[in-house]
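A.B. asks: Using our numbering, the first residue of the sequence shown is number 8, and each one after it goes up by one.
Mind looking over this structure? Questions follow.
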Amino acid sequence: MSRVARVPVTVDKGVEVQIATDEITVKGPLGTLKQPKAGNVNVTLANGEVSFAAADESREARAMSGTMRALVAGMVQGVSKGFERRLSLVGVGYRAQAQGDKLNLSLGFSHPVVHQMPVGVKCVTPTQTEIVISGSDKQKVGQVAAEVRGYKPPEPYKGKGVRYFGETVIIKETKKK
């Protein structure tokens, strides 16, 4: 079983953690995040550290204690530093432009693709072929990046499409006559 729950989460300066009977709330300079609390996990806050322990010795309780610890650690990091995902556009004529809470993409289709950003997620385009998606909720940032990549994933013959920054695409060899 995982031993992740044995390490307590240290709360950064400027971050406030509140533990209720059914949810954990983390407030910080970048926003507020809430997470429902698992019933079989005991959560305690002492000396600026949040500790997690299984309420009983069942397999599910031990697994959920590690999961809760990882989720709260991500929440603390999100409200203090934030998360970001970088995407790059590869292909002739592929462009991106952020306008407020919308991302306009030209991906070789006959029409432009407009993606609406959810609340709490910001999008910036430093260049026409680079997209930076940032926010305090790790799950939302990753989901929005996956949705944008899903419009035109990199194809295996020329590598054109929307990729994560640093993603390597294995290029296939074309058919020979």
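Just so it is clear, CB atoms sit at the ideal spot from N, CA and C, and this is done for glycine as well.
Between the beta-carbon of residue 136 and the beta-carbon of residue 105, is there less than 8 Å?
C.D. replies: It is not a contact, given that the beta carbons lie outside the stated cut-off.
A.B. asks: For residue 62, which residues of its own chain have a beta-carbon under 8 Å away from its beta-carbon, when the five flanking residues on both sides are left out?
C.D. replies: 46, 47, 48, 49 and 68.
A.B. asks: Suppose you measure from the CA of residue 5 to the CA of residue 171; what does that come to, to the nearest Å?
C.D. replies: Only positions 8 to 184 of the chain appear in this structure, which leaves residue 5 out of reach.
A.B. asks: What are the start and end residues of the alpha helix (DSSP H) that includes residue 148?
C.D. replies: Here the alpha helix (DSSP H) through residue 148 covers 145-158.
A.B. asks: For residue 182, which option in 163, 153 and 149 has the closest C-alpha, if you only look at C-alpha atoms?
C.D. replies: When only C-alpha atoms are compared, the closest one is 163.
A.B. asks: Under the assumption that residue 103 contacts residue 59 (Cβ atoms under 8 Å), give the Cβ distance between them as a whole number of angstroms.
C.D. replies: Their Cβ separation, rounded to whole angstroms, is 40 Å, which puts residue 103 and residue 59 out of contact at 8 Å.
A.B. asks: Just to confirm, is the Cβ distance from residue 20 to residue 97 under 8 Å?
C.D. replies: No; because the gap between Cβ atoms is not below 8 Å, this pair is not in contact.
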